[in-house]
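Undergrad: Got a structure for you, written out below as structure tokens; questions coming shortly.
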Amino acid sequence: MTKMSTLILFWATLYGVSCQNKPKENSTISQTVDTLAHTSQTIRKDEPNCTPTDIQACAYFTATFIQVTSGGEYVMKAINEQIIDLLRGEEYTNVEAHANGFIEEYLKEKSELYPMGAWSKSYDQKVIRNDEELFVISTDFYTFTGGAHGYYSTVYENYDRVSGKLITLNDIFEPGYEKRLNEIGEEYLRRAMDIPTTQTLSDAGFIIDNNDFK
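All the letters of the sequence shown, read from the start, carry residue numbers 7 to 220 under the working numbering.
Pasting the structure below:
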């Protein structure tokens, strides 16, 4: 929840900054940049030899992700590699290896432990902005590896249309922005969740180290 608040603020700020970028009147260089063509690909891996029933599901991994197909070799490579880096995880070299590894780990745990609920992991990407300035994608993420419920999150990635560079908060704010941005994020969170300033975020049910919103 805290990450979502910061990401929403980041998107709103980034949109405002991008709308103010106007070419200088005296500029003698003009550049026409088209939107990026792209495709959507899906990789899926299911638990082998498993037939789902009313009381037992089957483990699976699925990833639907964006791949850019225009904009020049450098931009295509830069954006596509960063998209894959997000989905492959730290342990694997590509998305397919991640899928295979997830199912293999589940089968190993299943063979060593008592009967367990089927694991699942999914990524679903969508393009939410595609113009001459920005290429923005959202990634809805869900994973369940046991317990009372799964874990959900949404990640936004903002790419510079011309260079293919992933834009971060450091690119749009002056150094030392973190403290003030966190204060604004906490204000928005408290307002949205109706949490009074007299109550700590931890007491309100959020898992925050030392009650430090960031």
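We put the beta carbon where it would ideally sit given N, CA and C, even for glycine.
1. Would you identify the three-state DSSP class for ALA69, choosing helix, strand or coil?
2. Sort out for me which residues DSSP pairs SER44 with in a bridge.
3. Look up HIS212 in the DSSP assignment and say whether it is helix, strand or coil.
4. Where does ASP221 sit, in a helix, a strand or coil, going by DSSP?
5. DSSP state of TYR194, grouped into three classes?
6. Going by DSSP, name the residue or residues bridged to ILE143.
7. Is it true that the CB of THR45 sits closer than 8 Å to the CB of GLN73?
8. Suppose contacts are defined by Cβ-Cβ distances below 8 Å. Is LEU172 in contact with GLN47 by that definition?
9. For ILE213, does the count of other Cβ atoms within 10 angstroms reach 16, so buried, or fall short, so exposed?
10. Use the C-beta contact count for THR145: other C-beta atoms within 10 angstroms, 16 or more gives buried, fewer gives exposed.
11. Consult DSSP for TYR112 and reduce its assignment to one of helix, strand or coil.
12. Kindly list the residues whose CB is nearer than 7 Å to the CB of ASP52, restricted to its own chain and excluding five residues on each side of it in sequence; keep chain order.
13. Using DSSP bridges, identify the partner residues of THR149.
14. What residues in its chain sit with their C-beta under 6 Å from that of SER159, if we drop five residues either side in the sequence?
15. Go through its chain and collect everything with a Cβ distance to THR68's Cβ below 6 Å, but skip five positions before and after it.
16. Below 8 Å between beta carbons: does that hold for THR70 and ASP137?
17. Mind checking whether GLY170 and ALA43 have CB atoms under 8 Å apart?
18. By Cβ distance, which residues of its chain are closer than 6 Å to ILE143, with the 5 residues on each side in sequence left out?
19. Is the separation between the beta-carbon of LEU175 and that of TYR183 shorter than 8 Å?
20. Using only the alpha-carbon positions, how far apart do LEU93 and LEU119 sit?
21. In whole angstroms, give me the CA-to-CA distance for PHE141 and ARG167.
TA: Reading it off the structure:
1. strand
2. The identity of residue 44 in the sequence shown is His, whereas the question assumes Ser. Answer by DSSP bridge pairing, in chain order: VAL74.
3. Checking the displayed sequence, the identity of residue 212 turns out to be Phe instead of His. DSSP places PHE212 in coil when its eight states are reduced to three.
4. Past the edges of the chain, shown from 7 to 220, lies residue 221, and the structure says nothing about it.
5. helix
6. Looking at the DSSP output, ILE143 sits in a beta bridge with VAL133 and GLU163.
7. yes
8. no
9. Exposed, since its Cβ has fewer than 16 Cβ neighbours within 10 Å.
10. Around the beta carbon of THR145, 16 or more other beta carbons sit within 10 angstroms, so the residue counts as buried.
11. In this structure, TYR112 counts as helix in the three-state DSSP scheme.
12. CYS64 and TYR66
13. LYS127 and TYR157
14. Taken in chain order, the residues that qualify are PHE147.
15. ARG50 and SER128
16. The Cβ atoms of THR70 and ASP137 lie no closer than 8 Å to each other.
17. no
18. ILE72, GLN131, VAL133 and GLU163
19. yes
20. 28 Å
21. 6 Å
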